[in-house]
Amino acid sequence: MGACMALCSLASCASCLCGSAPCLLSGCCPSTNNSTVTRLVFAFFQLLGTLVSIIMILPGMESQLKKIPGFCVGGTSIWGIENKVNCDIIVGYKSVYRMCFAMACFFFLFSILMIRVRSSKDPRAALQNGFWFFKFLILVGITVGAFFIPDGTFNTVWYYFGMVGSFIFIVIQLILLVDFAHTWNQTWLQKAEDGSRKCWYAALLFFTILLYALSFAAMVLFYVFYTQPDDCTEHKVFISLNLIFCIIVSVVAILPKVQEAQPYSGLLQASLISLYTMYVTWSAMTNNPDRRCNPSLLSMVSNSSSPAPTSTPGQVCPPAHASSLHSDAVLQRLHECNCASSGPRSIRSSNNSQVNKLMQTEEGTQLAADVEAVPGEDGVRRAVDNEEDGVTYSYSFFHFCLFLASLYIMMTLTNWYQPSTSYEAMLSTMPAVWVKICSSWLGLALYLWTLVAPLILTDRDFS
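Letter by letter, the sequence shown follows residues -16 to -1, 1 to 447 of mature numbering (1 follows the signal peptide of the UniProt record, and there is no 0).
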């Protein structure tokens, strides 16, 4: 509880530092744009909620709360909250559902309010770039109210919301990944044409071989550790299909007709997509409730010769949960940072107009130049308002992305389990396996479409 109060104190400090639009900067802060500070503070809000959720699922939290006299149901010492706090709700997976529900509602509300905001001259832009203390109070209020939601159907309904939202979030990140792969290859090829050809081509060759080597090594390890000679048929199918699909997109990327339509197409993009596909395949297999096909990372490292314990559907497997939680938490944080920074990055990536249209309004196509932040009349440095002529990113889509990220955080921290009416009992995570596997196939399909689209839609300009 002390850690929670400390986090709240940090948020209050952030609110004091950024109390109006544009945000206030301390003397030691580097000059920056108002749009950048706004996104950082909103990302901090989501990070704060994520840290509170992690604290709530730490082992032993429930027993520690029950030691407080009169705090949990059955106590009579604290006036006003006696017999009203269900400690089974405010800790564990159910608390994560409620915390992420509050964050999702908060960001969805702003996503609706910020529809079609074109510049900082719009009155609604002040709500986006200021009033941080009141926004923090709104988030706290929604969070407190979420913990009064009756237990029961809420967990089941919100579980399916999380499944759908997480899938959409993964799809958006796949689009940005494909865009990044094309941008990376095009940038290095242009530098090779303009500068030292041998140096840049050597770098392209090195990273292409490295990414393919990592993909092949991952595939071999999957067959060794995540399959059995007489079992794990689903895993064998997943690994084999994704291996075949990766080979197909690699071959298509270097076909003469594709190279003619897209001179910057190459194996670097295909190798990056292949490596990410192997990662998603591993992430999906770690959600399989069958312990014979899903050993813990600890058993792999220690080379344990003892047979892995089996589990029945619906049984929680702590080792697998720990490894999957750690890996997916890292991916989630990368995804969240990518989502928070995708607006300005997509603007710089002018070669992909589809991503630009997704992240940026028409009025935001011409950005104000970076200006050094100077002290105002009151002597306080302020962030530069660089959105008077047009916003640098879509406010509404930015909040919608954070809304989906909140759902993905919820599913990640709970390891894609559905909390049942019993605190300890969980349902099978096979839906999570299929969500992640389908997302890997969709990512390959998106990349393949970017290769063949100029050949199919000849009347469109893809330059």
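Think of the CB as a built atom: it goes at the ideal place given N, C-alpha and C, for glycine as much as any other residue.
Simplified DSSP state of residue i, which is helix, strand or coil
i, result
"residue 18", "helix"
"residue 463", "For the chain, the structure presents residues -16 to 447; residue 463 sits outside this window and is missing."
"residue 368", "strand"
"residue 230", "helix"
"residue 108", "helix"
"residue 398", "coil"
"residue 102", "coil"
"residue 422", "helix"
"residue 379", "helix"
"residue 133", "coil"
"residue 238", "coil"
"residue 525", "No statement about residue 525 is possible, as the shown extent of the chain runs from -16 to 447 and does not include it."
"residue 249", "coil"
"residue 152", "helix"
"residue 192", "helix"
"residue 180", "coil"
"residue 115", "coil"
"residue 448", "Within the shown structure, residues of the chain are numbered from -16 to 447, placing residue 448 beyond reach of any answer."
"residue 453", "In this structure the chain extends from -16 to 447, so residue 453 is not present and cannot be described."
"residue 277", "coil"
"residue 23", "helix"
"residue 434", "helix"
"residue 485", "Here the chain covers residues -16 to 447 and nothing more, so residue 485 does not appear."
Burial state of residue i (16 or more Cβ within 10 Å)
i, result
"residue 136", "exposed"
"residue 408", "Residue placement at residue 408 cannot be trusted, given a pLDDT of 42 that sits under 50; what the coordinates show is reported in the next sentence. When all chains shown are included, residue 408 counts as exposed."
"residue 386", "buried"
"residue 444", "exposed"
"residue 442", "exposed"
"residue 180", "exposed"
"residue 197", "exposed"
"residue 96", "exposed"
"residue 91", "buried"
"residue 255", "buried"
"residue 107", "exposed"
"residue 371", "buried"
"residue 194", "exposed"
Residue-chain proximity (residue i, chain D), Cβ-Cβ < 7 Å
i, result
"residue 373", "The chain labelled as chain D is not found in the depicted structure, where only one protein chain is given."
**Message:** Counting beta carbon pairs with one atom in the segment 83 to 91 and one in the segment 21 to 38, are three or more of them shorter than 8 Å?
**Reply:** yes
**Prompt:** Do three or more CB pairs link the segment 153 to 162 to the segment 231 to 242 at distances below 8 Å?
**Reply:** no
**Message:** Within 8 Å, do at least three Cβ pairs link the segment 181 to 195 to the segment 425 to 434?
**Reply:** no
**Request:** Count the CB pairs spanning the segment 262 to 274 and the segment 185 to 205 that are closer than 8 Å, and state whether there are at least three.
**Result:** yes
**the segment 130 to 145 / the segment 221 to 231 touching (three or more Cβ pairs under 8 Å)** = no
**Message:** Contact between the segment 373 to 386 and the segment 102 to 120 is defined here as three or more beta-carbon pairs at a separation below 8 Å; is this criterion met?
**Reply:** yes
**Asked** Touching or not, the segment 122 to 138 and the segment 381 to 396, by the rule of three or more beta carbon pairs under 8 Å?
**Response** no
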